[in-house]
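Just so it is clear: in the sequence shown, position 65 is 64 by numbering that gives the first Met the number 0, and no numbers are missing.
Positions of the beta carbon are idealized from the N, C-alpha and C atoms, including for glycine.
Worksheet: the structure to be examined is printed underneath.
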Amino acid sequence: MTGIRLHAPAPGWAIDADVVVVGSGVAGLTAALRCTAAGLRTVVVTKARLDDGSTRWAQGGIAAALGEGDTPEQHLGDTLVAGAGLCDEEAVRLLVTEGPEAVRRLIATGADFDKTAEGEIALTREGGHHRRRIAHAGGDATGAEISRALVEAIRDGGVRFIEHALVLDLLTDAEGRTAGVTLHVMGEGQHDGVGAVHAPAVVLATGGMGQVFSATTNPAVSTGDGVALALRAGAEVSDLEFVQFHPTVLFLGADAEGQQPLVSEAVRGEGAYLVDADGVRFMLGQHELAELAPRDIVAKAITRRMQEQGAEHMYLDGRHFGAEMWAERFPTILAACRLHGIDPVTEPIPVAPAAHYASGGIRTDLRGRTTVPGLYACGEVACTGVHGANRLASNSLLEGLVFAERIAEEITAAAPRVPGAAVPHPAPVTLPLPVAGARTRIQRVMTAGAGVLRSASSLREAAEALDALHSDALAGGSDDTKSAEPGVESWETTNLLCVARVLVAAARRREETRGCHWREDHPDRDDTAWRRHLVVRLTPERTLDVRTTDTADFPPTADAPGSRK
0 MTGIRLHAPA PGWAIDADVV VVGSGVAGLT AALRCTAAGL RTVVVTKARL DDGSTRWAQG
60 GIAAALGEGD TPEQHLGDTL VAGAGLCDEE AVRLLVTEGP EAVRRLIATG ADFDKTAEGE
120 IALTREGGHH RRRIAHAGGD ATGAEISRAL VEAIRDGGVR FIEHALVLDL LTDAEGRTAG
180 VTLHVMGEGQ HDGVGAVHAP AVVLATGGMG QVFSATTNPA VSTGDGVALA LRAGAEVSDL
240 EFVQFHPTVL FLGADAEGQQ PLVSEAVRGE GAYLVDADGV RFMLGQHELA ELAPRDIVAK
300 AITRRMQEQG AEHMYLDGRH FGAEMWAERF PTILAACRLH GIDPVTEPIP VAPAAHYASG
360 GIRTDLRGRT TVPGLYACGE VACTGVHGAN RLASNSLLEG LVFAERIAEE ITAAAPRVPG
420 AAVPHPAPVT LPLPVAGART RIQRVMTAGA GVLRSASSLR EAAEALDALH SDALAGGSDD
480 TKSAEPGVES WETTNLLCVA RVLVAAARRR EETRGCHWRE DHPDRDDTAW RRHLVVRLTP
540 ERTLDVRTTD TADFPPTADA PGSRK
């Protein structure tokens with residue numbers, strides 16, 4: 000344990016549970032439903048409403064070998080290729096073999112996927128897949144349908160939940176085992192202000208950290224809270240340098256900030272073309288799959304073409320689909336484009352890459368266990384080894400589903416365990432709150448220095464700017480810029496600064512180009528030196544300890560010596 004905490008008031012109320020799940024996307028709600036079904040008292044803590052996480056924004060679908068002629072082995076192969084040599088093959092094999100039945104259980108829970116005329120699940124293709132294996136719902140509203148079904152099941156099942164609650168820190172007992180979490184509930188209700196949920200098992204399913212960049216497909220709640228909490232608790236994180244930039248995000252202007260509309264990869268899967276302003280298909284000859292190459296390759300190709308032509312964006316041309324296909328297959332995207340004055344039926348869509356998905360996160364074993372006893376992680380916040388250096392399209396919903404089920408099995412098998420009394424660290428150290436306005440500065444620094452294109456100089460400048468913000472916070476600000484007051488905004492900014500510093504530290508260390516980590520000064524992949532992982536932890540002195548693994552294999556977590564199983 001680091002003994003480091005957020006600068007926050009002491010809890011003023013507390014409730015007890017067997018399991019507390021933080022997050023309400025596909026991973027969190029699946030874990031909560033399975034734990035509840037096993038008879039465990041489960042509490043879900045979520046930052047906004049139950050259906051406001053990243054899952055609802057997922058358009059393309061969920062990947063699984065469900066179609067005729069497809070096999071888990073083929074899904075495995077495509078995932079390993081996309082992961083650029085850093086996937087944990089055992090984790091991927093687990094994902095693709097358990098995935099189809101997990102999807103069927105999701106359907107049994109109430110998720111309604113699109114069907115063919117014959118009544119079979121309709122499947123499409125996305126980048127990196129050699130088969131049609133992407134199940135979708137509502138055309139391009141897969142995440143919204145999955146979220147609807149799971150939220151309905153949570154409500155029908157009587158699962159206790161606390162909405163509008165920002166998780167703060169992990170509670171531990173005298174032996175260093177998990178004893179619950181502290182949280183801040185925003186607004187009046189049954190609970191208000193800082194409180195605690197006491198539980199011997201904590202599942203972090205808090206989603207990503209896209210808000211660390213100026214432009215992202217992630218919702219406003221994606222501020223890296225889970226990764227930052229885990230770091231303060233002493234857990235290890237890995238592969239944070241591998242941030243996937245989605246190639247086709249609706250371009251709203253060079254100064255656009257915050258959540259940007261996604262144009263699903265499934266649009267290219269159905270035959271849309273990437274073109275420049277002259278209508279030239281620049282992906283032809285770049286990769287055997289052209290527009291359906293893995294996302295890192297497409298994002299790099301778009302960025303290169305933009306640089307060559309001095310352009311701010313490229314175009315996605317789906318005019319040949321016709322009005323009926325746009326309305327039936329991609330109604331969400333059609334509406335978003337028209338809202339911004341673009342009609343995909345009659346004109347190409349301006350697109351550019353934006354921060355989309357964190358392939359790395361809190362390091363876990365194959366049962367979701369972190370390096371802190373009693374603390375689990377699943378979904379985008381976790382690093383299971385499935386994604387390697389670049390997530391294969393639509394594997395994220397599947398990963399959240401499969402590993403959430405495995406975590407529930409693990410917690411159920413370990414129960415009952417009476418939680419130890421939560422004890423304060425003998426000498427708690429609080430992370431100082433960043434100065435006012437730091438959030439925007441962090442986002443602009445990260446976009447400029449650690450975006451799609453990176454180099455030693457850009458990353459050094461980013462590190463220096465982030466270190467200066469950290470130092471200002473430690474010093475309590477300056478005469479003209481004071482530290483912020485404790486509260487949701489300042490706590491989120493503290494979390495963003497923490498994960499930004501880790502991401503940049505890892506990106507500086509990895510001197511190669513691999514997957515979605517693109518170093519202009521080291522343009523080649525170097526398997527001899529870098530086919531391995533970077534593991535980071537926060538020291539009690541509030542510094543970062545970055546180490547490189549000896550091989551491409553993850554070391555075991557503390558709960559599972561000698562094995563990742």
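Sub-8 Å separation of residue i and residue j beta-carbons
| i | j | result |
| --- | --- | --- |
| T215 | V451 | no |
| G384 | C34 | no |
| E398 | L94 | yes |
| A9 | V297 | no |
| C583 | G367 | Beyond the ends of the chain as shown, which are 0 and 564, falls residue 583; an answer cannot be given. |
| S213 | Q442 | yes |
| G2 | P539 | yes |
| R531 | D544 | no |
| V158 | V43 | yes |
| T123 | G268 | yes |
| A229 | I361 | yes |
| A152 | T108 | yes |
| Q78 | L391 | Note that residue 78 is Thr in the sequence shown, not Gln. Their beta carbons are under 8 Å apart, which means T78 touches L391 by this criterion. |
| R509 | E89 | no |
Sequence-distant residues of the same chain with beta carbon closer than 6 Å to residue i, five excluded per side
| i | result |
| --- | --- |
| G60 | I133, A134, H135, T141 and S393 |
| G52 | S23, G24 and G206 |
| T429 | R4 and H6 |
| L149 | L28 |
| T363 | T369, A376, A381 and T383 |
| G137 | E144 |
| S258 | Correcting the residue type first, residue 258 is Gln in the shown sequence and not Ser. Contacts found: P218. |
| A289 | M282 and L283 |
| P330 | G138 |
| A26 | A204, C377, G378, G399 and A403 |
| G225 | L203, T205 and V380 |
Residue i, buried or exposed, once every other Cβ within 10 Å from all chains shown has been counted against 16
| i | result |
| --- | --- |
| E264 | buried |
| V201 | buried |
| Q519 | Looking at the sequence shown, residue 519 is not Gln but Glu. Answer is exposed; the Cβ neighbour count stays below 16. |
| E125 | buried |
| P433 | buried |
| V242 | buried |
| D466 | exposed |
| W490 | buried |
| G561 | Here the model assigns G561 a pLDDT of 40, short of 50, so the residue's position is not dependable and the matter cannot be decided. |
| S456 | exposed |
| H319 | exposed |
| T550 | exposed |
| A110 | buried |
| S342 | For clarity, residue 342 is Asp in the given sequence; the question names Ser instead. So D342 counts as exposed. |
Close Cβ partners of residue i (< 7 Å) along its chain, the five nearest in sequence each way excluded
| i | result |
| --- | --- |
| P554 | T548 |
| D316 | A271, Y272, V274 and P347 |
| L495 | Q210, V211, T222, G223, R438 and I441 |
| I406 | A30, V202, R366, G367, Y375 and C377 |
| D558 | Note on D558: pLDDT 48, under 50, position unreliable in the model; the coordinate value appears next. Cβ within range, chain order: R368 and P372. |
Beta carbon proximity, residue i to chain D, threshold 8 Å
| i | result |
| --- | --- |
| G127 | No chain D appears in the structure shown, which is made up of a single protein chain. |
Closest residue to residue i among the options (Cα-Cα distance)
| i | options | result |
| --- | --- | --- |
| A7 | F402, V503, V166 and R500 | V166 |
| R103 | A64, H129 and L5 | A64 |
| E119 | I145, R318 and G66 | G66 |
| S23 | A16, E162, P99 and G367 | E162 |
| A437 | S470, A334 and L458 | S470 |
| V487 | T369, V220, R509 and A528 | V220 |
| A353 | A227, A461 and G209 | G209 |
| P199 | P522, A16, D155 and L228 | A16 |
| S358 | N389, T493 and T247 | N389 |
| G82 | A47, A292 and S146 | A292 |
| F112 | G127, Q58, E97 and P522 | Q58 |
| R541 | D526, M185 and G233 | G233 |
| L468 | R500, E484 and A310 | R500 |
Whole-number beta carbon distance between residue j and residue i, since they are thought to touch under 8 Å
| i | j | result |
| --- | --- | --- |
| G207 | Y356 | 6 Å |
| A420 | D172 | 6 Å |
| A506 | A449 | 6 Å |
| K299 | W517 | 6 Å |
| H312 | A351 | 4 Å |
| A195 | T181 | 5 Å |
Cutoff 8 Å; reference residue i; Cβ partners in own chain excluding five residues on either side
| i | result |
| --- | --- |
| Q308 | D275 and A276 |
| H339 | L249, L251 and P260 |
| E409 | R366, G367, R368 and Y375 |
| V503 | M445, G448, A449, L458, A461, A462 and L465 |
| R524 | A83, G84, E511, T512 and R513 |
| L170 | T177, A178, G179, V180, T181, A195, H197 and A421 |
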